[in-house]
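J.: In my numbering, the protein residues as written are 30 to 120.
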């Protein structure tokens, strides 16, 4: 058994002493995705909606609150009409 172990050990050591292979250096171009904003620079800021919590609390009666809510809804519908095409362009 000992002669086999010695022969096996010498084979393992001989395998490590072989010719050194120089590593191959390659230059490879890899495409990288760069995030780009799809929101245009001229996109208007979010408007100040008239139906804020403070405005609704300060309204004198229910009719005034309903008027503020209706005005806020009109502005939100207009804003949605501006924002939806931009969002669809981003998808």
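For glycine and all other residues, C-beta sits at the position ideal for the given N, C-alpha and C.
Beta-carbon separation of residue 104 and residue 85 under 9 Å?
T.: Reading the chain shown from its first residue, position 75 is the one you call residue 104. Reading the chain shown from its first residue, position 56 is the one you call residue 85. The answer is no: Cβ separation not under 9 Å.
J.: Measure the alpha-carbon distance for residue 116 versus residue 68 and round it to whole angstroms.
T.: As a first step, residue 116 is located in the chain shown; it is residue number 87 there, counting from the start. As a first step, residue 68 is located in the chain shown; it is residue number 39 there, counting from the start. Going by the C-alpha atoms only, they are around 8 Å apart.
J.: With DSSP collapsed to three states, give me the class of residue 67.
T.: As a working mapping, residue 67 is identified with position 38 in the chain shown. Here residue 67 sits in coil by DSSP.
J.: Secondary structure at residue 90, three-state DSSP: helix, strand or coil?
T.: As a first step, residue 90 must be located in the chain shown, where it is residue number 61. Residue 90: coil per DSSP, three-state reduction.
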